[in-house]
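What follows is a short report on a single structure.
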Amino acid sequence: MDLPTFLVQCLNALQYGLLLFLVASGLTLIFGIMGVINLAHGSFYMIGAYLAFSLAPVFGGNFATTLAAGLVLAVIFGYLLEWLFVSYLYERDHLQQVLMTYGLILVFEELRSILVDNDVHGVPVPAWLSGSVQLGDLMQYPVYRLAISAVCLAVAAGLYFVIARTRLGMMIRAGSSNREMVQSLGINIKFLYRVVFAAGVALAVFAGMIAAPVSSVYPGMGAQVLIVCFVVVVIGGIGSVRGAFLAALLVGIVDTFGKVLFPQAAGIAVYLLMAAILLWKPEGLFRQG
Amino acid sequence: MIAAARRLSLPLIVVGLLLLFPLATTGFYLEFTSKVMILAIFALSLELLVGATGLVSLGHAAFFGIAAYATVLLSPKYGAAGVFWILPAAVACSALYAFCVGVLALRTKGVYFIMVTLAFAQMAYYVFHDTPLGGGTDGIYLNLKPEVMLFGARIVDLGKPVAFYYVVLACLVLVFLFLAVLLDSRFGRVLAGIKSNEQRMRAAGFATFPYKWAAFTLAGALAGLAGFLVAVKDGFVNPEMLSWHESGAVLLMLILGGMGRLSGAVLGAFAFALLQLFFQWDVAFGSFAKHWPLMLGGTIILCVAFMPNGLIGLPGQWRAWRARKAAEAARV
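Protein chains in written order, with this note's numbering: chain A, 1 to 289; chain B, 1001 to 1332.
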């Protein structure tokens, strides 16, 4: 592998890892604070990609407007979903959470097939981001992928700021280390839950929307992301956003270079990484309280 | 004696009906019932983990699929394999994988355990999905069904649906009885203890890890039996058998039927398969029948919301509701 190829693969790994972080951070927050295993989280990513595809004609192909509209819809959707379904699950055991969210996946996938269809679709890269950057003499790298990485980094920084510096973030941190205590301190836990869930949904939908132009839009894309995000969350330590960030980058690197170096065993590399880390630290790298 | 007879009467009636079923029908419904009984064995194997030991595994389909693949891959290409070596070999493959996964996964607890079992199942899934070992995404065919030979004579022809039906029924009854005896033994009592309070079991002097490990391996082996039967029945395996949808579906059977009781697993397998069949029925649903996952998903959500103890818990739920009503009426 020569240097330009290596650089390109590094950028790919970074972009994939950061995208994973957007989805996994919602998953880990929802689990850490609400104690709910959300199998349907991958569906939100899928919904995001399909939103990018079906909203584009509505806004005349203006990508920024599409993104904004999708985000608004996602927050409303997440808020309603928490109210209608997820709020039943707080006192139930993990098994019932797994099943209810599994049921939601079936419903979402089938609604998707009724509302759109089962074909693979492409979403065009916005024109002002469609160029590419020269790397070395022979390699080029698309600007849009760089833009994805930049946007994800910005979102990650924003998330860090909200969690580390604001009052809401304080409640979130407190909630993830001791739920009962937060409740007894008089914080409106129902509101906190709804905000966190809606934010998690919005993050996953956002990830799906910005990924749509590079990954295309296809049925079953949610399940694939969901499982990898589980690995990210387990490696990072459930409930830890910082852990999810590092683990997502790690998974991005291992997966990307696994595909280049051992194409035969690419699917397995990530799981081997997880097994190795669990042998070393059974509760992930950064376990919260 | 009378109590035992009452407890046994319902299972005996069910087995009797299943024994007589092939006299009443052939073709589709016979094959369907064979399939459901195989699923019931699969669900029973998971019940040993989830219901009896309290270990929620979301990767049980791996063991199911591995045995199915082993059955096809170990069979000689141009001849029939003997059941008496291919069955143990296939089950041993699943048990071996469960043994290896168990030692890693059981180091974790609760939600980590759910996710880790899921991840290991996905790993097995990708082995068959991405590599040419088992024909990749297309799957692979079993050319000739295994033969049941004893002293040089063929005693059962597994290719005949009726004969296969009775073999599956026998397997189901044996697995059920085996698990019933096992859970009643000292081993089963320790598992129940681990389920209700592992800390206390350890304090009482039980090394809980080997018990959980043994239960995990055994559950993998029994799932392997179900996988073997599916491979023989369909003569075809593909990676979807190992997918997490399958793992989710079998968990669903348990919760639908009711946890903590062996009969719940069997009931759940039948209820799940019948629901699926019902929603696919185009006489009732017309062209909407092709969207059956939507209705199935909706039913699952309703079941979780309103029937937390499963079908087998319904009489109890009904009695509790009546008692509450009666108490309210008395107060008024």
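All C-beta atoms in this analysis are idealised placements derived from N, C-alpha and C, irrespective of residue type, glycine included.
Residue-chain proximity (residue i, chain A), Cβ-Cβ < 8 Å
i, result
"B/Arg1202", "no"
"B/Phe1120", "yes"
"B/Ile1194", "no"
"B/Tyr1112", "yes"
"B/His1060", "no"
"B/Phe1107", "The question names Phe, yet the displayed sequence has Arg at residue 1107 of chain B. Yes, because at least one Cβ of chain A sits closer than 8 Å to the Cβ of B/Arg1107."
"B/Trp1213", "no"
"B/Pro1239", "no"
"B/Ile1255", "yes"
"B/Tyr1126", "yes"
"B/Ala1305", "yes"
Alpha-carbon to alpha-carbon, residue j and residue i
i, j, result
"A/Ser43", "A/Ala207", "12 Å"
"A/Gly17", "A/Ile268", "17 Å"
"B/Leu1074", "B/Thr1131", "17 Å"
"B/Met1295", "B/Leu1277", "11 Å"
"A/Gly289", "A/Ala147", "Because A/Gly289 sits at a pLDDT of 44, beneath the cut-off of 50, its placement in the model cannot be relied upon, and the following sentence gives the value as read from the coordinates. Answer to the nearest angstrom: the Cα atoms are 35 Å apart."
"A/Ala13", "A/Phe286", "22 Å"
"B/Lys1077", "A/Val86", "51 Å"
"B/Ile1255", "B/Pro1308", "8 Å"
"A/Leu102", "A/Ala40", "Here the sequence assigns Tyr to residue 102 of chain A, which means Leu is not the residue at that position. Rounded to the nearest angstrom, the two C-alpha atoms are 7 Å apart."
"A/Met100", "A/Tyr88", "10 Å"
"B/Leu1144", "B/Ala1081", "8 Å"
"B/Asp1138", "A/Ala174", "49 Å"
"A/Val293", "B/Gly1257", "Residue 293 of chain A lies beyond the stretch modelled for chain A, which goes from 1 to 289, so this question has no answer here."
"B/Gly1110", "B/Gly1054", "9 Å"
"B/Arg1319", "B/Ala1052", "25 Å"
"B/Val1015", "B/Ala1180", "15 Å"
"B/Ile1140", "A/Thr65", "48 Å"
"A/Val162", "A/Gln97", "28 Å"
Residue i (DSSP reduced to helix, strand or coil)
i, result
"A/Ser132", "strand"
"A/Phe262", "coil"
"A/Pro126", "coil"
"A/Ile37", "coil"
"A/His94", "helix"
"B/Gly1297", "helix"
"B/Pro1210", "helix"
"A/Met139", "strand"
"A/Ile163", "helix"
"B/Tyr1141", "strand"
"B/Arg1261", "coil"
"A/Val72", "helix"
"A/Ser238", "Reading off the sequence shown, one finds Ile at residue 238 of chain A, where the question assumed Ser. Coil, per DSSP."
"B/Val1056", "coil"
"A/Phe286", "coil"
"B/Gly1082", "strand"
"B/Phe1288", "helix"
"B/Phe1063", "helix"
"B/Phe1236", "strand"
"A/Ala275", "helix"
Enclosing alpha helix (DSSP H) for residue i [first to last residue]
i, result
"A/Leu20", "Leu3 to Leu29"
"A/Ala212", "Ile189 to Ser215"
"B/Val1111", "Gly1110 to Asp1130"
"B/Gln1317", "Leu1314 to Arg1331"
"B/Arg1189", "Arg1186 to Ser1196"
"B/Ser1045", "Phe1028 to Glu1047"
"A/Ser87", "First-last for A/Ser87: undefined, no H or E at that position."
Proximity test, Cβ basis, 8 Å: residue i and chain B
i, result
"A/Phe257", "no"
"A/Gly169", "no"
"A/Pro282", "yes"
"A/Phe31", "yes"
"A/Gly208", "no"
"A/Met181", "no"
"A/His94", "yes"
"A/Tyr50", "no"
"A/Met100", "yes"
"A/Tyr45", "no"
Enclosing beta strand (DSSP E) for residue i [first to last residue]
i, result
"B/Leu1150", "Val1148 to Leu1150"
"B/Arg1154", "Ala1153 to Val1156"
Exercise. Check whether the stretch 195 to 206 of chain A touches the stretch 46 to 61 of chain A, taking contact to mean three or more Cβ pairs, one atom from each stretch, closer than 8 Å.
Key: With a cut-off of 8 Å, the stretch 46 to 61 of chain A and the stretch 195 to 206 of chain A count as touching, because enough Cβ pairs lie within range.
Quiz item: With contact counted as at least three CB pairs below 8 Å, one residue from each stretch, are the stretch 22 to 31 of chain A and the stretch 244 to 254 of chain A in contact?
Solution: The stretch 244 to 254 of chain A and the stretch 22 to 31 of chain A touch, with three or more beta-carbon pairs separated by less than 8 Å.
Quiz item: Touching or not, the stretch 1084 to 1098 of chain B and the stretch 1060 to 1069 of chain B, by the rule of three or more beta carbon pairs under 8 Å?
Solution: Taking 8 Å as the limit for Cβ pairs, the verdict is that the stretch 1060 to 1069 of chain B does touch the stretch 1084 to 1098 of chain B.
Quiz item: Would you call the stretch 1205 to 1217 of chain B and the stretch 1180 to 1193 of chain B touching, i.e. three or more CB-CB distances under 8 Å?
Solution: The stretch 1205 to 1217 of chain B vs the stretch 1180 to 1193 of chain B: in contact.
Quiz prompt | contact_flag[the stretch 1267 to 1285 of chain B, the stretch 1035 to 1043 of chain B] where n(CB pairs < 8 Å) is 3 or more | solution = Short answer: they touch.
Exercise. Answer yes if the stretch 1022 to 1042 of chain B comes into contact with the stretch 1167 to 1176 of chain B, meaning at least three C-beta pairs across the two stretches below 8 Å, and no otherwise.
Key: The answer is yes - the stretch 1022 to 1042 of chain B touches the stretch 1167 to 1176 of chain B, with three or more Cβ pairs under 8 Å.
Quiz item: Does the stretch 1118 to 1127 of chain B touch the stretch 1233 to 1248 of chain B, meaning 3 or more C-beta pairs lie closer than 8 Å?
Solution: Taking a cut-off of 8 Å on C-beta distances, the stretch 1233 to 1248 of chain B touches the stretch 1118 to 1127 of chain B, as three or more cross pairs fall below it.
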